[in-house]
Amino acid sequence: MAKVLHIFAHPGQGTSRVNLALWKAAQSVDGITGVDLYAVYPRYDIDIDVEQQRLLDHDVIVLQFPLFWYSCPALVKEWIDLTFEHGFAYGQDGDCLKGKHLMLALTTGGPHGAYSQQGYQHFELRTFLTPFEQTARLCQMGFPAPYVQFDALAADGADHARGFTALLTALRDDTFDFRRAGEAELLTHDTLPLKEGARP
Amino acid sequence: MTDFLLLAFLFLAAGVVSVPIASRLGLGSVLGYLIAGIALSPVLTLLHVDVISIQHFAEFGVVMMLFLVGLELEPRLLWEMRARLLGLGGLQVGLTASLVAAAAFAFGQVWQVSVAIGLIFALSSTAIVLQTLNEKGLMKSDGGQASFSVLLFQDIAVIPILAFLPLLAIPGLAGHDDSHGAEEGHGAALSLVDGLPEWQAALLTLAAIALVVAAGMYLTRPAFRFIAQANLREIFIAAALTFVIGIALLMTMVGLSPALGTFLAGVVLANSEYRHELESDIDPFRGLLLGLFFMTVGASIDFGLLADNTLVIIGLTLGVMALKAAVLMGLARIFKVRDEQSWLFSMALAQAGEFGFVLISFATANSVLPDDIAAPLTLIVTLSMMLTPMLFIAYDKFVLPRYEEAEPRDADEITAPSHIIIAGHGRFGSVVNQMLLSAGHETTVLDHNAGMLERLRVFGVRAFYGDATRPDLLHAAGIENAKVLVVAIDDKHRSTELVRYVAGNHPHVHITARAMDRNHVYELWGAGCRDVIRDTFDSAVRAGRSVYEALGTHPFDAERAARGFVSENQRTIRELAGLYDPAVPNHENAPYRERARELLDEQAEQIRARGRGAFHERSERGWTPPTPEDVKAVARRLE
């Protein structure tokens with residue numbers, strides 16, 4: 001049994017559909033620590049000690065957010081800036097996160113095809129996510145392929161939410177295949193890399 | 201009675217007319233008073249006024265000034281000054297006295313007279329120097345501090361000099377006019393030590409000093425607290441005067457310098473919460489008495505004598521001053537008073553002083569000085585005092601520019617700590633104070649609750665008793681050097697007046713004022729405060745936000761809605777402030793009423809239109825995704 005930390009960040013939950021659906025669906029999975037970052041820190045006064053302890057207490061950190069301007073919402077950046085301290089997450093003696101996994105679960109407004117050399121976003125989605133990937137690498141963490149819902153404004157999100165509970169369950173039950181997830185480009189609800197014998 | 205009123209009127213009027221003119225011309229108040237005195241002198245002669253006895257009365261201003269100087273000087277600082285006080289002061293008095301005496305001897309005086317003259321010119325004018333240094337803000341500079349050490353030593357040295365002078369008596373002069381007795385300034389009419397054996401006298405003197413220190417440390421606080429509870433300003437002033445005069449009297453009775461006694465009392469009270477109140481109560485008396493003193497100095501110039509011996513008198517005056525300045529310059533070198541500060545020190549103390557008058561009349565009475573020498577000596581002392589303000593002007597004009605260009609001044613000379621005054625230490629002011637202290641700032645708290653102040657001081661808060669709305673108390677608390685004033689007093693009307701006064705007279709001070717309600721906001725704004733904080737508003741907003749959250753609003757949405765409410769509320773307040781009229785109640789003020797109703801209607805309209813809270817429009821601007829159609833349109837255009 002791995003300990004899973006699910007951090008959810010959406011500043012405009014009144015207009016969120018898919019992300020909110022994921023958050024609500026995640027509540028039904030037992031043994032997962034869920035944190036609504038904007039509810040805990042509506043005034044951005046992040047408690048570094050509490051957040052570092054949270055990281056220490058878990059093996060897999062799932063960061064869920066909508067992609068805003070090719071990056072995360074501001075509070076997630078603030079959370080990373082403050083929590084991933086020198087001497088804790090990286091640098092001299094900073095190996096507290098070594099061996100853990102950092103995984104992103106995100107939604108994009110644009111369709112899959114936009115995220116390509118020929119598409120109007122001009123880059124692959126993974127290119128935009130390299131800051132997160134390198135953050136994980138610098139902290140000696142694994143960075144499995146992100147779990148993505150493209151075209152989130154049009155999608156109804158039900159499949160994506162169902163897939164998310166399956167993902168969390170597999171992470172918790174050690175039936176998630178990190179090797180395959182590391183090799184994959186992106187994960188969707190129907191391409192989850194589960195180990196043999198695990199029920200999807 | 202009429203005589204008294206006439207005199208009071210003459211002196212006051214002369215000062216009122218001449219000092220502002222002198223200040224305007226950059227001459228300083230001392231020169232203004234001196235000139236006023238000269239202008240008055242024919243009138244005074246006509247009225248047969250005894251200028252010298254008025255002068256002795258006015259010398260009490262010096263006593264008060266030393267009390268005030270003591271208040272500014274904590275015991276620790278006095279202790280740090282000890283090397284300069286004894287070394288610099290002692291050498292200055294000794295060297296100057298010897299050199300002047302030698303010069304007098306060379307001019308053919310007998311040695312007794314020469315020594316007396318030396319001692320007379322060894323002293324400088326505490327009144328002129330301290331007054332001018334304070335006026336120019338130079339008291340804290342190195343030269344100012346050195347000057348003060350020397351002056352304090354001279355004040356102490358006067359007593360042994362007075363004891364020593366009669367030993368120089370010349371037999372031929374005996375039986376001289378004794379009418380001035382043993383100098384009134386230190387008049388021994390009521391003496392406790394006369395006729396006692398020496399060891400008893402010494403014991404009594406020590407006991408008197410101990411009494412002053414002990415009373416200052418233990419008696420004043422309960423006494424002043426008791427008096428403060430009466431809440432009558434004049435009684436507090438009366439108490440302060442009683443205190444100072446009482447100490448002066450006691451010191452005189454045991455044969456000590458009253459100036460020294462009150463200075464000691466001042467030092468003892470330097471840490472007291474009543475310090476600023478005492479300062480502002482005594483200060484006007486000090487100012488008026490010193491002004492009177494300077495005028496009497498001006499008025500006592502014997503122009504007949506000056507006209508007869510113009511060259512000799514002026515030559516001797518300049519000679520004495522040059523000699524004194526040279527000694528001071530040499531000492532400045534030895535005691536490491538540097539650069540322009542050494543000039544300040546030498547030029548400031550080059551004159552002879554009011555104690556010179558005392559010594560001259562005392563020496564004459566004791567048959568040490570013949571009359572025909574005393575008269576020109578008095579004139580020389582007076583002239584040297586007259587020249588001092590001009591030396592200060594010369595210092596500003598010729599010495600300072602040279603050093604300012606040559607090198608930047610020492611940093612520790614000009615570093616004034618960023619100073620914050622907090623008026624009112626109640627539930628509001630105390631929180632502000634705690635925040636500032638916790639961030640390492642220095643604050644000065646003014647409050648009129650004597651009991652609470654004592655508790656505060658236990659915790660190391662610099663708190664002082666007094667009504668913060670009084671300009672003189674603000675001055676004593678250092679409003680001139682303050683960066684910020686926090687107005688947190690409970691009385692609406694008075695806090696507005698305080699803001700009006702400070703905004704008008706000290707525009708460099710940032711004022712943060714607490715408003716009790718909406719109208720008070722308008723009034724404070726009108727009074728010139730641009731940082732008005734409503735005292736219960738922020739906590740009420742937080743309560744409202746808590747209720748939002750309790751009703752299930754997401755905390756981040758609640759936060760944003762609260763912020764939206766605050767800025768909307770501030771917008772309406774700013775708009776309505778322009779329509780506010782302090783003379784008309786808001787509900788009778790037609791434009792105000794109308795606009796307020798319009799703003800309310802606007803809000804109601806927003807609520808109806810959206811079917812939700814009025815401030816949601818602001819918060820919805822953020823993170824609202826485009827519709828799927830928008831997305832497709834964008835994609836089509838870009839692909």
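Residue numbers (my numbering), protein chains in the order written: chain A, 1 to 200; chain B, 201 to 839.
We put the CB at the ideal spot given by N, CA and C, even for glycine.
Quick one: Cα of residue i to Cα of residue j, how far?
i, j, result
"Asn649 of chain B", "Ala761 of chain B", "41 Å"
"Asp159 of chain A", "Glu85 of chain A", "37 Å"
"Val412 of chain B", "Thr462 of chain B", "9 Å"
"Trp279 of chain B", "Val468 of chain B", "12 Å"
"Arg730 of chain B", "Leu330 of chain B", "38 Å"
"Gln309 of chain B", "Phe485 of chain B", "42 Å"
"Arg774 of chain B", "Ala796 of chain B", "12 Å"
"Thr827 of chain B", "Asn19 of chain A", "16 Å"
"Thr130 of chain A", "Gly624 of chain B", "56 Å"
"His376 of chain B", "Leu673 of chain B", "In this prediction, His376 of chain B scores a pLDDT of 45, lower than 50, which makes its location untrustworthy; no coordinate-derived value is stated."
"Ile61 of chain A", "Lys195 of chain A", "20 Å"
"Ile435 of chain B", "Pro707 of chain B", "33 Å"
"Lys3 of chain A", "Gly31 of chain A", "8 Å"
"Val444 of chain B", "Gln312 of chain B", "37 Å"
"Glu749 of chain B", "Val741 of chain B", "12 Å"
"Ala743 of chain B", "Gly764 of chain B", "15 Å"
"His189 of chain A", "Phe164 of chain A", "7 Å"
"Gly556 of chain B", "Tyr474 of chain B", "35 Å"
"Leu285 of chain B", "Ala297 of chain B", "17 Å"
"Arg771 of chain B", "Asp539 of chain B", "56 Å"
"Phe756 of chain B", "Ala668 of chain B", "42 Å"
"Phe535 of chain B", "Val699 of chain B", "46 Å"
"Ile858 of chain B", "Leu587 of chain B", "The question about residue 858 of chain B has no answer, for chain B in this structure spans 201 to 839."
Taking the beta carbon of residue i as the centre, do at least 16 other beta carbons fall within 10 Å, making it buried, or is it exposed?
i, result
"Gly226 of chain B", "exposed"
"Pro422 of chain B", "exposed"
"Ala440 of chain B", "buried"
"His720 of chain B", "buried"
"Arg745 of chain B", "buried"
"Ser472 of chain B", "buried"
"Ser161 of chain B", "In the structure as shown, chain B starts at 201 and stops at 839, and residue 161 of chain B therefore has no counterpart that could be examined."
"Trp399 of chain B", "exposed"
"Asp612 of chain B", "Note that Asp612 of chain B scores 32 on pLDDT, short of 50, meaning its location in the model is unreliable and no value can be drawn from it."
"Pro782 of chain B", "exposed"
"Ala407 of chain B", "exposed"
Per DSSP, which one or two residues make a beta bridge with residue i?
i, result
"Leu104 of chain A", "A:Leu63"
"Ser116 of chain A", "Partner(s): none; Ser116 of chain A has no beta bridge."
"Asp36 of chain A", "A:Phe8"
"His619 of chain B", "B:Glu642 and B:Ala682"
"Tyr90 of chain A", "A:His86"
"Gly187 of chain A", "First, the amino acid is wrong: residue 187 of chain A is Leu here, not Gly. Answer is A:Tyr147, bridged to Leu187 of chain A."
"Gly142 of chain A", "A:His101"
In its own chain, which residues sit with a C-beta less than 7 Å from the C-beta of residue i, not counting the 5 before and 5 after it?
i, result
"Tyr38 of chain A", "Ala9, His10, Pro11 and Leu75"
"Gly228 of chain B", "Ala222, Thr332, Glu335, Pro589 and Phe592"
"Gly237 of chain B", "Phe494, Met495, Thr496, Val497, Gly498 and Ala499"
"Ala677 of chain B", "His476, Ile621, Thr644, Leu646 and Phe664"
"Asp502 of chain B", "Ala575 and Leu579"
"Leu153 of chain A", "Gly109"
"Trp725 of chain B", "Val732 and Ala777"
"Val537 of chain B", "Asp342, Gly343, Ala346 and Phe545"
"Leu531 of chain B", "Leu288, Leu291 and Gln292"
"Pro95 of chain A", "Here residue 95 of chain A turns out to be Asp, not Pro, going by the sequence shown. Cβ neighbours of Asp95 of chain A beyond the five flanking positions: Gln140."
"Ser379 of chain B", "With a pLDDT of 42 at Ser379 of chain B, under the threshold of 50, the modelled position of that residue is not reliable, and the figure given next carries that caveat. Here the set comprises nothing."
Sorted by chain position, which residues of the same chain lie with C-beta nearer than 6 Å to residue i's C-beta, five sequence neighbours on each side aside?
i, result
"Phe260 of chain B", "Leu489"
"Ala89 of chain A", "Leu97 and Cys139"
"Thr202 of chain B", "none"
"Ala616 of chain B", "Its pLDDT being 40, under 50, Ala616 of chain B is placed unreliably by the model, and the measurement read from it follows with that caveat. Result list for Ala616 of chain B: Asn681, in chain order."
"Val263 of chain B", "Ala448, Pro458, Ala459 and Thr462"
Tell me which residues share the same chain as residue i and place their Cβ nearer than 8 Å to its Cβ, disregarding the 5 neighbours each side in the sequence.
i, result
"Gln92 of chain A", "His86"
"Glu759 of chain B", "Arg745"
Pull out every residue of the segment 742 to 759 of chain B whose Cβ sits closer than 8 Å to any Cβ of chain E, in chain order. Absent here is chain E; the protein component of the structure consists of chains A and B.
Note down, one range per segment and in chain order, each alpha helix (DSSP H) of at least 4 residues found wholly within the segment 516 to 572 of chain B. 539 to 548 and 554 to 565
Completely contained alpha helix (DSSP H) runs for the segment 653 to 722 of chain B, where each covers 4 or more residues: 671 to 676 and 692 to 705
To test your reading of the DSSP string, which unbroken alpha helix (DSSP H) runs of 4 or more residues are found completely within the segment 383 to 461 of chain B? 398 to 414, 420 to 430 and 433 to 453
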